[in-house]
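Residue numbers (the working numbering), protein chains in the order written: chain A, 21 to 296; chain B, 71 to 484. Every residue, glycine too, gets a C-beta built ideally from N, C-alpha and C. Being a predicted model, the structure only gives us computed values, none of them experimental.
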């Protein structure tokens, strides 16, 4: 077989796919973002985003919520991933399965269930009342939106960290102990540097869907804490303003690209891990 | 004997197979044979047709059986999303069922076909009061499907009787019920609740009016539990929220789940709406579409729909049907007939939505953005967010500088 020819054609389906479903839509987004209704070139969509305090508020809110959710995910996921990676092999696969299990259900259903659990007359407050504790008001607050994001995206943080940690050679940790390092020192000077690529890809995998989410904020926040995704959806489905919607999408994409570029600087050389 | 057995078998098959509606002669006598195998695309609101669930007949299946036309049925959740899909032009729908002001918009943009009423003999079932409405003055493009009014729904165990007795829009702006009030999550309906309270027209083109309505809603926002659409069912039925503004027909559905709920039409006036069947430009099977519309106006079919959807039915054959009156009284709500068709309905001051001109429409959407994107004075979370951003930037810089230095040291050692 003529290898170069085969190689050329082996990639063809992917190139067609990428052109049709990645490059073309991207081109449309850029086109709409820089044109007005009549199709003439304009920068007014972009300038509207910068000058309007409303859109600034939405962008700031989205970034804040996504960052907070990412940090919370990291704080929860890191110890969990460590514990799983240090347990027996059979226990490991069970625990990973349990973490993956909720992801088999649809995101919409999971979010809707949370609504029913944490609402004022919901399941959680029912239990609290039964035990005689004061009720919690969680639903329709920023906290509820962040809770929704943390719950839905936590597995995406645990899995990459776990997959890197499980490869850390136990002998390295033992060696560090032998050389007189304490528990904290081992954690920060041995385990953390070795797991950094997992952490970076975990952060990316949580931050990106968090910042662009739209359903969670509508349901958990009662429609009062809009994120960029909600604003984009409204432009397309309600206001019939493709141009403004596209420019928002473009800004969001650039924002995500910048974040990922910064992230990649930390992992490109060290381990070449599982960056998405 | 053989024939008797045959007919017995036929009867048996009929009884066991799909249930059969006793359709009007006018519907049955049409010759459908030339349409067999046609594919008809219908685009309607979600949960807006008797579909065989909850003991109803499956009307689309019944239509298919009668005519041999295959119905491809799809649903939308707002007039605006329907408009977007229609405008995008991916699918050629044959029948759509939008609301009044959207029909006005579609007519203005030349997106609807004129109907041939000779294919819709059952149109005679539509009473005069539901013909020639403002959105379609000559009644050339649309045939009413359902109607309704917006009102205030409240939970009698959570709201003081004297507050509700006012029968005013003020109830949804009452600070006493902070965190227990639900507002529409779509601009036209939400602004209307403020405009009626302020005594404005809902079709105003004066920007100052829209600003005033926006201010009213911004004032209400901290009192709200949320902006919702269909989540309202769960929230009102469970007692999670005490006060909401929504459509009368849906109130009946909620009432059957929770008898503590009550409804009134606010005295300042409220929105009267009609959802009507139209054929959009580009329809592939206009005549089959008209037969579908005709089928929906059949007295038995319309009755089935009226009992399933619970909205008002603009069909004299249904309104005069004893069974329907009994159903309203016994199964829906003691005052259902009065609220929908009777004395109470007649005394309500109403205004219908008209198509807003593009300028006003854009301005309304901008006001809505303003309302939705504003924050509820909850700044703490921003400071945490901004703090985190600053921290991260510092961290990134420190790490990069450190690595840079280390690299220089490494290079020196080599």
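When CB distances to chain B are screened at a threshold of 7 Å, the residues of the stretch 135-167 of chain A falling below it are 139, 140, 141, 160, 162, in chain order. The C-beta distance from residue 247 of chain A to residue 234 of chain A rounds to 6 Å, short enough to meet the 8 Å contact threshold. Listed by position along chain A, the residues whose Cβ is nearer than 9 Å to that of residue 293 of chain B form an empty set, because the closest Cβ is around 11 Å away. The stretch 276-292 of chain B makes no contact with the stretch 340-354 of chain B; the number of CB pairs closer than 8 Å stays below 3.
Just measuring C-alpha positions, the residue of B:373, B:380, B:369, B:348 sitting nearest residue 322 of chain B is B:380.
Against chain A, the beta carbon of residue 313 of chain B has no neighbour under 9 Å; the closest one sits roughly 14 Å away.
Residue 298 of chain B: not part of any alpha helix (DSSP H); member of the beta strand (DSSP E) spanning 294-298, first to last residue. A contact is defined here as three or more CB-CB pairs under 8 Å, and the stretch 110-129 of chain A fails this definition with respect to the stretch 190-197 of chain A. Under the DSSP definition of a beta bridge, residue 224 of chain B partners with B:313, B:332.
Counting only Cβ-Cβ distances below 8 Å, residue 454 of chain B has contacts in chain A at 84, 88, in chain order. Between the stretch 306-316 of chain B and the stretch 448-463 of chain B there are fewer than three inter-stretch CB-CB distances shorter than 8 Å, so the stretches are not counted as touching. A direct Cα-to-Cα measurement between residue 257 of chain B and residue 84 of chain A gives close to 27 Å.
A direct Cα-to-Cα measurement between residue 207 of chain B and residue 270 of chain A gives close to 43 Å. For residue 248 of chain A, no CB of chain B lies under 8 Å from its own CB, so it is not counted at the interface with that chain.
Annotated three-state conformation of residue 213 of chain B is strand, per DSSP.
Distance from residue 332 of chain B to residue 226 of chain B at the Cβ level is roughly 5 Å; contact confirmed, criterion being Cβ atoms closer than 8 Å.
For the stretch 118-164 of chain A, the full-length alpha helix (DSSP H) segments reaching 4 residues or more read 127-138, 143-151 along the chain.
With fewer than 16 other CB atoms across the displayed protein chains lying within 10 angstroms of its CB, residue 109 of chain A is exposed.
DSSP lists B:142 as the bridge partner or partners of residue 111 of chain B. The alpha-carbon of residue 397 of chain B is positioned some 28 Å away from that of residue 147 of chain B. The beta-carbon distance between residue 223 of chain B and residue 316 of chain B, rounded to whole angstroms, is 6 Å. This is short enough to meet the 8 Å contact definition. At a cut-off of 8 Å, the C-beta of residue 460 of chain B has no neighbouring C-beta in chain A. For residue 328 of chain B, no chain A residue has a C-beta closer than 8 Å to its own C-beta; the minimum C-beta separation is roughly 12 Å.
In the structure shown, the three-state DSSP call for residue 54 of chain A is coil. The C-alpha of residue 438 of chain B lies about 21 Å from the C-alpha of residue 56 of chain A. Below 8 Å, enough C-beta pairs join the stretch 89-102 of chain A and the stretch 166-176 of chain A to call them touching: three or more. In the DSSP assignment, residue 166 of chain B forms a beta bridge with B:113, B:348. At a cut-off of 8 Å, the C-beta of residue 464 of chain B has no neighbouring C-beta in chain A. Residue 255 of chain B places its beta carbon less than 8 Å from that of residue 298 of chain B.
Contact of residue 80 of chain A with chain B by beta-carbon distance below 8 Å involves 452, 455, 456.
In the three-state DSSP reduction, residue 230 of chain B falls in the coil class, being neither helix nor strand.
Non-local beta-carbon contacts of residue 209 of chain B in its own chain, meaning distances under 7 Å to residues more than five positions away in sequence, involve 201, 202 in chain order.
Residue 471 of chain B has its alpha-carbon roughly 19 Å from the corresponding atom of residue 483 of chain B. Boundaries of the alpha helix (DSSP H) harbouring residue 154 of chain B: 149-158, taken from the DSSP string.
Within the stretch 362-403 of chain B, the runs of alpha helix (DSSP H) at least 4 residues long that lie entirely inside it are, in chain order, 369-379, 386-389, 392-397.
In this model, residue 233 of chain B and residue 123 of chain A are separated by some 46 Å (Cα to Cα).
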